[in-house]
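Just so you know, we're using my numbering here: the sequence shown kicks off at 18 and counts up by one. Even glycine gets a Cβ: it sits at the ideal position worked out from N, Cα and C. See below for the structure under consideration.
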Amino acid sequence: MSSRTSATDYVEDVSPGSGALPPRAWYPRSDAASLSLNGRWRFRLSPAADAEDDAFAEPGYDAGGWAEVSVPGHWVLQGHGSPIYTNHLYPFPVDPPHVPTENPTGDHLRFFDLPEGWDVTDGGAVLRFDGVESCARVWLNGTDIGEFKGSRLPHEFAVGHLLKPARNVLAVRVHQWSAGSYLEDQDQWWLPGIFRDVTLLHRPVGGVLDFFVHASYDHAAGTGTGTLRIDSDVAGRVTVPGLGIDIATGESATVPVEPWTAETPTLYDGLLATEGERVPLRIGFRTVESTGGLIKVNGKAVLFKGVNRHEWHPEHGRALDLETMRADVLLMKRHNVNAVRTSHYPPHPAFLDLCDEYGLWVIDECDLETHGFTEQAWRDNPVDDDRWTPALLDRAARMVERDKNHPSVVIWSLGNEAGTGRGLTAMAEWIHGRDASRLVHYEGDIDCRDTDVYSRMYPEHAEVERIGRGLDGGTRKRRALPLILCEYAHAMGNGPGGLADYQRIFESHDRLQGGFVWEWIDHGIEDERFGYAYGGDFGEELHDGNFVCDGLVFPDRRPSPGLLEYKKVIEPVGIGIDGDGTTVRVTNKQDFADLSALAFAWSYQVDGETVGSGSLAVPALAAGESAELKLPEPPATDGGETQWTVRALLAADTAWAPKGHVVAWGQSAPRARRAPALVATGGPVASGEGLIVLGPAVFDARTGTPRSIGSVEVTGLRLDVWRATTDNDDGAAWQSDPRYAELWRGFGLHRMRHRLGAVEQAGDALTVRTRVAPAGRELGLATVYRWTSDGDRLGLTVSVTPDGDWTVPLPRLGIRFGLPAADRVRWFGGGPEEAYPDTKSASLVSRWESTVDELQIPYVRPQENGARADVRWAELGGLRIDGDPEFWLTARRWTTEQLDAAAHRTDLTPSGTVWVNLDHAQHGIGSASCGPGVLPRYRLHAEPAEFSFVFTDIG
Ligand code: GAL
């Protein structure tokens with residue numbers, strides 16, 4: 018039997034492609050001409066790789082009837098076909114290197130003239146593709162110039178000999194699936210298309226080819242010197258005017274310099290000039306090494322406070338413009354993030370320029386993941402099959418050669434979740450040989466055979482602590498290496514919980530060099546049906562739902578409370594105010610910079626209101642230093658709860674935030690809190706129409722529930738233990754930690770029944786006895802509501818006594834009720850954003866004001882959200898509520914049951930009622946959507962509890 022061969026065999030060929038030039042350094046500009054070929058292209062979609070012949074590539078072909086798409090872009094986000102989301106499963110049969118016959122194929126056509134003055138007879142030209150998913154074949158003016166795979170890697174072709182002054186025809190055939198798809202099984206949308214720039218570069222005679230900027234820093238040499246050497250394929254001169262450097266390529270110069278670090282990203286402007294081209298350079302001097310079991314830059318150990326960044330835009334997918342990339346960098350810097358892992362592929366190269374400029378440590382990761390092979394115990398994994406090794410080495414080289422001149426890149430990563438194998442070892446060997454000035458990372462190499470750093474994802478806190486103490490065992494090599502968490506703290510939905518607990522552990526052990534939160538942004542797709550679409554919304558055969566929405570920022574880049582929590586937890590300055598508010602201890606937690614860029618301000622609050630403020634003189638402490646400073650005399654007050662707040666602010670505008678931007682803060686423990694006191698007078702009085710009157714309130718005499726408090730109507734007030742389960746409550750199926758949502762639903766906590774035992778009018782109180790319990794179980798919560806009044810105000814004390822065998826924690830414990838109207842909300846307590854027991858670091862105690870709508874946190878998949886912590890009192894809908902002790906406040910225009918049932922934000926429609934929860938306690942959040950669950954100290958055990966509120970009609 019003969020095997021079928023055809024003009025599309027390259028699609029299933031494991032080789033990286035043919036016809037492309039060797040990879041080389043990327044640079045954003047030079048004095049050589051270039052022509053962007055971005056813009057509108059003619060487009061035709063066909064259902065299979067060979068459904069159409071290649072006649073379209075011929076000059077003169079009439080594409081008049083074709084559609085158009087934007088390049089860069091993904092055709093599935095431009096009305097042609099649909100995106101597919103899978104986490105690790107291949108969305109096609111695992112039959113490497115074969116791909117389905119149904120292989121959406123997009124033919125693209127672009128016509129262009131050369132700009133005036135572009136001499137086609139001089140030198141040459143290169144056509145560069147910065148990213149095409151997943152396989153492309155290219156023709157220029159009817160000539161086939163090659164084909165390539167490696168979606169997020171650059172490919173260049175020599176095309177000078179094919180160019181004409183006008184009416185050039187560039188034809189690109191893009192296949193959604195190819196052998197390359199087996200190497201690109203990252204947890205993300207499958208999005209075919211030419212999604213990064215296409216550029217025609219003039220290559221003058223004597224122009225620059227590849228060059229390698231070696232710019233090291235010697236911290237030991239007294240004042241600190243930098244050594245610069247640029248190796249260039251084409252000889253030339255290197256000048257750095259600011260440093261007085263003027264040397265030939267290949268020569269080195271050593272001069273005093275300011276080093277580059279993520280905290281102090283000093284770049285020197287330079288120029289590489291060959292006979293035919295001048296390339297501007299931005300040079301950062303720094304030395305990365307792994308010595309003494311630590312990752313050191315310029316001789317100092319660094320602590321990574323990082324994020325994993327996928328490229329994402331809610332309309333354009335992975336086609337990002339420069340402003341979107343800059344928005345990411347600015348947001349990161351403003352939230353104290355100091356490091357990025359480019360999960361799981363090299364980003365658009367301009368992003369790395371921004372990291373150099375603004376200062377972020379980068380782990381640059383190769384475009385390689387074969388996660389789906391885990392389903393067959395990694396059998397036939399391409400990374401352990403020599404036939405695929407050339408493709409792996411090609412990917413490694415395309416990353417390293419493109420990005421090697423960025424000071425921000427300190428670690429190369431071989432890829433993600435690709436198992437283990439000879440191909441990975443070959444990549445590591447090649448990278449080590451090509452660039453000894455950086456470290457190599459790969460999380461899958463659990464013994465660190467090929468890598469220079471021990472890396473893990475999603476370990477429990479206790480395990481991280483063990484590794485910090487060196488009690489983890491492992492190979493001899495691994496035991497001598499530092500640990501980073503390349504992924505931790507899964508930011509899916511509400512959460513992640515437990516960040517502060519991780520950070521405390523990182524900061525306690527040198528061996529722990531920090532981590533990278535998973536992940537930066539929710540990959541929601543803007544969609545009028547749903548607000549933001551996620552997996553399954555396009556009818557995918559296989560999908561992983563909203564697991565693709567697990568970022569610290571929402572799809573529109575609005576920071577989620579998780580990012581604010583992270584910002585607080587990783588703040589570069591520690592501010593600790595002693596118990597009696599006389600001194601503050603300031604610690605510079607940075608690795609390099611002193612505190613001279615910061616100004617400090619104190620303020621003093623009485624009952625949440627600032628009554629005094631001023632600046633605080635803090636010396637320019639060096640990295641790692643602390644100082645104890647005296648606070649001023651507190652302003653005189655006549656009672657009330659008092660508290661100090663000290664903030665560290667930018668003293669001047671920086672490139673990433675204006676003067677006054679708060680980078681860190683600390684608050685003292687509050688003193689002399691005033692609990693609401695209500696002295697009961699009078700008592701409940703029965704009124705004729707089945708009602709009971711108690712002070713300002715009217716109750717239903719039969720049920721004992723309040724109908725109104727003063728002028729405010731109140732509905733359905735009762736004990737509540739349910740919350741719309743979060744992604745972390747739901748948990749990941751593979752987790753060993755309990756999946757609380759399942760347990761809770763199993764017990765029936767989402768359908769508790771309230772049996773009325775007694776409504777007692779005795780003395781000054783109306784006492785209502787109930788038992789709250791789920792069907793089918795003997796356990797329950799004996800709940801007593803004791804209502805009193807002083808004539809004007811209404812007091813409620815709730816006592817809860819669990820009975821039965823409560824083996825699960827409660828989601829929440831408090832009361833809920835409906836108000837007919839509420840808009841503005843004022844409160845004294847934690848804010849401005851949401852907080853839960855293990856996500857509470859960023860909750861600042863103050864007076865806050867918001868609206869019911871603004872209290873909602875727009876998680877892409879609706880779930881419990883929006884609680885404000887430590888609330889002393891709140892005002893909404895004409896009621897003032899004082900709590901004893903402090904309570905958690907939640908208010909929304911739908912019930913918890915509606916929230917629980919919603920799959921998208923668009924499923925939630927405001928009802929006429931505002932549902933208010935006043936919680937005595939909440940269960941923590943954890944990060945079990947992919948990682949450890951709620952730490953024991955944040956679990957809400959069913960235990961006897963008592964809590965009180967005082968209601969005042971302020972309408
Ligand atoms: C990791 C993986 C990421 C992502 C994450 C869960 O295992 O490396 O790509 O899938 O889990 O969101």
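Could you spell out the range, first to last residue, of the beta strand (DSSP E) harbouring G793?
Translated into the one-based positions of the sequence shown, residue 793 becomes position 776. Where G793 is concerned, there is no enclosing beta strand (DSSP E), given that its DSSP letter is neither H nor E.
Three-state class that DSSP yields for M444 in the structure shown
Taking the sequence shown and counting its residues from 1, the one referred to as residue 444 is at position 427. Helix.
Rounded to whole angstroms, what's the CA-CA distance from T926 to W911? Just pull it up for me.
One-based indexing of the sequence shown puts residue 926 at position 909. One-based indexing of the sequence shown puts residue 911 at position 894. Approximately 7 Å between the Cα atoms of the pair.
Helix, strand or coil, according to DSSP, for E480 in the structure here?
The residue you call residue 480 lines up with position 463 of the sequence shown. E480 falls in the helix class under three-state DSSP.
Are S620 and S630 close, meaning C-beta to C-beta below 8 Å?
Reading the sequence shown from its first residue, position 603 is the one you call residue 620. Reading the sequence shown from its first residue, position 613 is the one you call residue 630. Yes, the pair counts as a contact, with Cβ atoms nearer than the cut-off.
Closer than 8 Å by C-beta to I874: which residues in its own chain qualify, once you throw out the five before and the five after it? Chain order, please.
Taking the first residue of the sequence shown as position 1, residue 874 is located at position 857. Counting only Cβ-Cβ distances below 8 Å, and skipping sequence neighbours, we find N511, S577, P578, E850, E851, N882, G883.
Identify every residue that forms a DSSP beta bridge with Y107.
Counting from one through the sequence shown, the residue named residue 107 turns up at place 90. According to DSSP, which records beta bridges pairwise, Y107 is partnered with nothing at all.
By the DSSP assignment, the alpha helix (DSSP H) with Y519 in it spans what residues?
On the sequence shown, residue 519 is found 502 positions in, with the first residue counted as 1. Y519 -> alpha helix (DSSP H) spans 516-525.
So, is W751 buried or exposed, given that buried needs 16 or more other C-beta atoms within 10 angstroms?
Position 734 of the sequence shown, counted from the start, is the residue given in the question as residue 751. Exposed is the call here.
Does any C-beta atom of chain D lie closer than 8 Å to the C-beta of V825?
Annotation note: the requested chain D is absent from the structure, which comprises a single protein chain.
Exposed or buried, E201, counting other C-beta atoms within 10 Å across all chains shown (16 or more means buried)?
To locate residue 201, count along the sequence shown from 1; it is residue 184. E201 should be labelled buried.
To which residues does DSSP link W58 through a beta bridge?
Residue mapping note: residue 58 aligns to position 41 of the sequence shown, counting from 1. BP columns for W58 point to V86.
In angstroms, rounded to a whole number, what distance separates the CA positions of P701 and A945?
The residue given as residue 701 occupies position 684 in the sequence shown. The residue given as residue 945 occupies position 928 in the sequence shown. P701 and A945: Cα-Cα distance of roughly 48 Å.
Output the distance between the C-alpha atoms of F904 and P713, rounded to the nearest integer angstrom.
Residue mapping note: residue 904 aligns to position 887 of the sequence shown, counting from 1. Residue mapping note: residue 713 aligns to position 696 of the sequence shown, counting from 1. Roughly 23 Å between the two C-alpha positions.
Chain-order list of residues whose beta-carbon lies under 7 Å from that of P89 (same chain, five-residue window excluded)
As a working mapping, residue 89 is identified with position 72 in the sequence shown. Excluding residues within five positions, the ones whose Cβ falls inside 7 Å are N55, I211, F212, R213, D214, A336.
Cβ distance (whole Å) where V426 is taken to contact V379 below 8 Å
Within the sequence shown, the letter at position 409 stands for residue 426. Within the sequence shown, the letter at position 362 stands for residue 379. Indeed they touch by this definition, with Cβ atoms about 5 Å apart.
Does the beta-carbon of P879 have 16 or more other beta-carbons within 10 angstroms, so that it is buried, or is it exposed?
Numbered from 1 along the sequence shown, position 862 holds the residue referred to as residue 879. So P879 counts as buried.
Kindly indicate which residue of L935, D840, T824 has the alpha-carbon position closest to the one of G831.
The count along the sequence shown starts at 1 and reaches residue 831 at position 814. Cα-wise, what sits closest to G831 is L935.
When the Cα atoms are used, what is the spatial distance from D655 to W329?
Sequence index remark: in the sequence shown, residue 655 carries index 638 (1-based). Sequence index remark: in the sequence shown, residue 329 carries index 312 (1-based). One C-alpha to the other measures close to 54 Å.
Rounded C-alpha distance that separates G821 from A790:
Taking the first residue of the sequence shown as 1, we reach residue 821 at position 804. Taking the first residue of the sequence shown as 1, we reach residue 790 at position 773. Computed Cα separation, rounded: 10 Å.
With distances taken between CB atoms, is the gap from V354 to V324 smaller than 8 Å?
Here residue 354 refers to the residue found at position 337 when the sequence shown is read from its first residue. Here residue 324 refers to the residue found at position 307 when the sequence shown is read from its first residue. Contact flag set, yes.
T662, enclosing beta strand (DSSP E) - first and last residue
Taking the first residue of the sequence shown as 1, we reach residue 662 at position 645. 659-667 is the extent of the beta strand (DSSP E) around T662.
Nearer than 7 Å: is that true of the beta carbon of D139 relative to any heavy atom of ligand 2?
Among the ligands in the structure shown, ligand 2 does not appear; only ligand 1 can be found there.
Exposure label - P209; buried when at least 16 CB within 10 Å:
Residue numbering aside, residue 209 sits at position 192 when the sequence shown is read from its first letter. Its Cβ being crowded by 16 or more others within 10 Å, P209 is buried.
Are V155 and V189 touching if we call contact CB-CB under 8 Å?
As a first step, residue 155 must be located in the sequence shown, where it is residue number 138. As a first step, residue 189 must be located in the sequence shown, where it is residue number 172. Result yes, Cβ atoms of V155 and V189 sit closer than 8 Å.
Where does N433 fall in DSSP's three states?
Indexing the sequence shown from 1 puts residue 433 at position 416. Three-state DSSP puts N433 in coil, outside helix and strand.
Rounded C-alpha distance that separates S20 from A37
Translated into positions along the sequence shown, residue 20 becomes position 3. Translated into positions along the sequence shown, residue 37 becomes position 20. Note that S20 has pLDDT 45, beneath the 50 cutoff, so the model's placement of it is unreliable and the number below is only indicative. Looking at the two C-alpha atoms, the distance is approximately 28 Å.
Euclidean distance between Cα positions of T659 and R897:
Position 642 of the sequence shown, counted from the first residue, corresponds to residue 659. Position 880 of the sequence shown, counted from the first residue, corresponds to residue 897. Taking the straight line from one Cα to the other gives about 21 Å.
E434: beta carbon under 7 Å from a heavy atom of ligand 1?
Taking the first residue of the sequence shown as 1, we reach residue 434 at position 417. Indeed, a heavy atom of ligand 1 lies less than 7 Å from the Cβ.
I'd like the span of the alpha helix (DSSP H) that includes V346, first residue to last.
Taking the sequence shown and counting its residues from 1, the one referred to as residue 346 is at position 329. Start and end: 339-351.
Extent of the continuous beta strand (DSSP E) to which G848 belongs:
Against the sequence shown, residue 848 aligns to sequence position 831. Per DSSP, G848 belongs to the beta strand (DSSP E) from 841-848.
So, helix, strand or coil for C152, using DSSP?
In the sequence shown, counting from the first residue as 1, residue 152 sits at position 135. In this structure, C152 counts as strand in the three-state DSSP scheme.
Between the beta-carbon of F533 and the beta-carbon of C503, is there less than 8 Å?
For the purposes of this step, residue 533 is identified with residue 516 of the sequence shown, where counting begins at 1. For the purposes of this step, residue 503 is identified with residue 486 of the sequence shown, where counting begins at 1. Going by C-beta atoms, F533 is nearer than 8 Å to C503.
Length-filtered (3 minimum) beta strand (DSSP E) runs lying within the segment 534-589:
542-544, 548-550
Taking 7 Å as the line, does the beta carbon of D567 fall inside it for any heavy atom of ligand 1?
Along the sequence shown, one-based indexing puts residue 567 at 550. At least one heavy atom of ligand 1 is nearer than 7 Å to the Cβ of D567, so yes.
Is Q203 near ligand 1, in the sense that its beta carbon is under 7 Å from a heavy atom of that ligand?
As a working note, residue 203 is residue 186 in the sequence shown. Yes, Cβ of Q203 sits closer than 7 Å to a heavy atom of ligand 1.
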